[in-house]
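Protein chains in written order, with this note's numbering: chain A, 130 to 747; chain B, 351 to 507.
Structure record follows, encoded as structure tokens.
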Amino acid sequence: MPAGPASRVRGIGRYAIIGDCRSAALVSDDGSVDWLCWPRFDSDAVFAALLDAGKGGRFAIRPAGEFRVERAYAPQTNVLLTRFSTPDGSAVLTDFMPVQTEEERARILRPDHELVRILRCDRGEMQFEAVFEPRPRFAQYKVELRDRRNLGVRCHTRDGLLALRSEEPLEPRGDSARAIFTLRAGETRTFAISFEEEGPSVLPALGDDCQAALDHTLRFWRSWASHTVYDGPYRDAVVRSALTLKLLAYAPSGAVVAAPTTSLPERPGGSLNWDYRYCWLRDAALTSRALFGLGHRDEAEAFVSWLLTAASTTWPRVHVLYDVFGRPPPEERELPHLRGYEGARPVRVGNAAKSQLQLDLYGELVGAVRYFVEHGGELDRAARRMLGGLGRSVCEMWRQPDHGIWEERGERKRFTHSRVMCWAALDGLVHLARELRIDLKAPVESFAGYRDLIREEIEELGYSRALRSYTRAFAGADTDASLLLLPWYGYIEASAPRMRSTFERIRRELGLGGVLFKRYEGPLTEGEGAFGICSFWAAECLALGGGTLEEATALFEEALGYANDVGLFAEEIVPETGEALGNFPQAFTHLGVVNAALTLEERRKGSSRPSRAEGAAR
Amino acid sequence: MTLGDNLLPSFAATLVLTAIGAGSQEARLTRMSIPYLLGTIFTPAREKAKLLGFFLHLLNGQIFAFLYMALFDRFGGGGVLRGLFFGCCHALIVLTVVLPLMPGLHPRMASEHSGPVASKRLEPPGPLGLNYGFATPVFVLLGHAVFGAMLGYLYRP
């Protein structure tokens, strides 16, 4: 086996993502596809070396011996270019999952699920090794590879047919296939794997056809990225975040998954390992604002449409998370046969947070719909009726303790953030009814009354005069980074004395040096890293008026520096080393990047978002 | 034999044959899909191909049903056993003759000998349709046996 790259990014940041808006793969900086779930983001993994290097399975292509690596995405695309260099030569590995427009799908019969790797030697001569080790269903079953010559190396699984085709013959031996080969300057080898669930497989053609697929895919991403409406100084970071969000949006429904991975630990070697391959309503308003704000109206509308469909299935209550079709996610279970990322057990699939009560979701949902309507979206009768019903639910439940935005597993509390989000839900509904003339078939006056009552209670019980700060929970003393969002939802102006002092306290008590923040202090957060999005919330809070433009810019720029070499963020960051922690890449953090960049730009240009609240505190 | 009298039984038998095929696919027992193979002869668009193939398959079913009935007429009437026998013969012809010939007939199907190219990349069925899963011959046989048995039972001379 090769000795590996001479220099590498450490931790989960070694990976880059490729995908086709239905599924995604993670490619390591030494050319190994260590994670791939097919046919959907939340399907069982075909390659899961990420969670168990021994058993999980991979598809690796890398030089023999020591080599140096540089990698980048092809500009404005999700096509990954990895350059391997040795004293004898250099080669570029191009990884992508072909994406087709609807028009192309009608014209060209291509595999529904396909991953293509094109290796081209551009200098000297290099020896490579290719290793194909598929382990369908998280390596729970034995597989046998068969070489069907022109039809490729194939493996029948319980889910369908996986086939690898290449100009370079791979020799199957039991459950893996290998090839060692030499490339000279100007030579190319193509490797394409395809997956078919139910019908006769459509097999990948190689050579010019893969080059054509690459050209189509580059064009698709570049065309999409070129429609990103942002001309500020951080365009590269914003476009990378937008492309990542687009990749994580499940095209058939518009849902955006939180991350394409499961069980990457939030605490190194620890047990805070969750399955993030579902869609959290917690991210709804942030997603809606980011997509509309960047001018990606089709994706924004598809997302809100999915949101309304998902919410309607559990109306008048909403659940914490749904799958890409708006259904409840599967029961949480553990996969004890997998070792876990760097030994972090257990590996979990499914998510038990679905049964939690989170009152902030109502505000998120209404916030997302509000952006939709403000951008010209129309609500049908059922959606209007549902929103009215959600308002009634908020009026009934707002005093109940809940699990809060951070989904603490244990005793429910009366979190201030959750109450503020109940306020935001009712304020949004009142705004929809009064300002935007939406007939909600609901008692809007009563909503306004409850909204004011909630505010009174928050100001009385959720703010400590002694500490001069809003507190994590009512009548408590702790603080919480989610309180940085209060101005974002229009509850209070960022420049208001109560908010300024809250910001200072969060910085003092949750700051981890520089621009990093813990989300809160508690048993669950012991040993975990800084929570990535909190830095962007802080930058946005400053940009909204909590500080100067210079302060906000400095914080934002320093936070951007924690992205990996290809511009991707995980959920968390190890403060001491800057390593990424948790599921990767994380839509939540990238939403933070986009929203903070948009707000900074608004501040720079002297414009501001439409007033988010009728009566924000000053 | 009156075609009109036997229209409904032949339609019912074709639907059952289609349902057995779709059910075995849905249960991931085989990836064999005659409607999809038929549809992709005319269009590369998957969804359109499935829909078009479904109607073509229904039409084919009707044509074959009338052929069965002609055979019932010729060989002394219907009956479950005779229908079953014809169905099994039909399945064997499909598995051993029609499927191996498909790469030569289907404009979008790859061949085992030359492999997929840009214009021909649909996986060929292989001997007995085994490329589409080990249980393929079983479900082709089962579907056609039920098709024949139903026609034999419902046949009115």
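Don't be surprised by glycine CBs; every beta carbon is placed ideally from N, CA and C.
- About 5 Å separates the CB atoms of Ala-499 of chain B and Leu-434 of chain B; that is less than 8 Å, so the two are in contact.
- Counting along the chain, the unbroken beta strand (DSSP E) around Val-221 of chain A starts and ends at 218–225.
- At least one beta carbon of chain A lies nearer than 9 Å to the beta carbon of Arg-381 of chain B.
- Proximity of chain B to Asp-338 of chain A at the Cβ level (cut-off 7 Å) is accounted for by Ala-468, in chain order.
- The three-state reading of DSSP puts Pro-394 of chain A in coil, since its state is none of H, G, I, E or B.
- Residue state for Lys-542 of chain A is assigned as strand, using DSSP reduced to three classes.
- Here Leu-376 of chain A is buried. Its C-beta has 16 or more other C-beta atoms within 10 Å.
- Contact annotation: Val-282 of chain A and Phe-257 of chain A have beta-carbon atoms that are not nearer than 9 Å.
- Think of a sphere of 7 Å around the beta carbon of Ile-583 of chain A: no beta carbon from chain B falls inside it, the nearest being about 48 Å out.
- Pairing Val-385 of chain A with Val-448 of chain B, the inter-Cα distance amounts to about 45 Å.
- Contact with chain B is absent for Ala-481 of chain A, since none of that chain's Cβ atoms lies less than 9 Å from the residue's Cβ.
- Check the Cα spacing between Thr-380 of chain B and each of A:His-285, A:Glu-586 and A:Ala-354: the tightest is with A:His-285.
- Counting along the chain, the unbroken alpha helix (DSSP H) around Pro-626 of chain A starts and ends at 626–639.
- One alpha carbon belongs to Ala-341 of chain A, the other to Gly-148 of chain A, and they sit about 17 Å apart.
- Residues of the region 323–334 of chain A with a Cβ closer than 8 Å to any Cβ of chain B, in chain order: Glu-325, Glu-326, Glu-327, Gly-328, Pro-329, Ser-330, Val-331, Leu-332, Pro-333 and Ala-334.
- Residue state for His-456 of chain B is assigned as coil, using DSSP reduced to three classes.
- With distances taken between CA atoms, Val-476 of chain A lies nearest to A:Leu-464 out of A:Leu-464, A:Ala-482 and A:Leu-590.
- With fewer than 16 other Cβ atoms inside 10 Å of its own Cβ, Arg-594 of chain A counts as exposed.
- Taking the Cα of Pro-394 of chain A as reference, the smallest distance to any Cα among A:Glu-731, A:Arg-732, A:Phe-713 and A:Gly-721 is reached at A:Phe-713.
- DSSP, read as helix, strand or coil, puts Cys-438 of chain B in helix.
- Assigned with DSSP and collapsed to three states, Tyr-482 of chain B falls in helix.
- Under a 10 Å Cβ-count criterion, Val-358 of chain A is classified as exposed, with fewer than 16 other Cβ atoms of the shown protein chains found around its own Cβ.
- Per DSSP, Gly-492 of chain A is one residue of the alpha helix (DSSP H) stretching across 489–503.
- By the neighbour-count definition (other C-beta atoms within 10 Å, threshold 16), Ile-141 of chain A is a buried residue.
- In the DSSP assignment, Gly-148 of chain A falls within the beta strand (DSSP E) that extends over 145–148.
- Residues of the region 351–374 of chain B whose Cβ lies closer than 8 Å to any Cβ of chain A: none.
- Separation of Glu-296 of chain A and Phe-320 of chain A (C-alpha to C-alpha, rounded to the nearest whole angstrom) is 7 Å.
- With a threshold of 16 other beta carbon atoms within 10 Å, Phe-405 of chain B falls short and is exposed.
- Uninterrupted beta strand (DSSP E) stretches at least 3 residues long and entirely within the region 528–591 of chain A do not occur.
- At a cut-off of 9 Å between beta carbons, His-285 of chain A contacts chain B.
- The beta-bridge partner set that DSSP reports for Gln-256 of chain A consists of A:Thr-311.
- Per DSSP, Lys-734 of chain A has no beta bridge partner at all.
- Interface flag for Asp-149 of chain A against chain B is unset, since no Cβ pair is found closer than 9 Å.
- DSSP lists A:Thr-223 and A:Thr-319 as the bridge partner or partners of Ile-247 of chain A.
- By the 16-neighbour rule on beta-carbons within 10 angstroms, Gly-539 of chain A is exposed.
- Separation of Thr-373 of chain A and His-504 of chain A (C-alpha to C-alpha, rounded to the nearest whole angstrom) is 23 Å.
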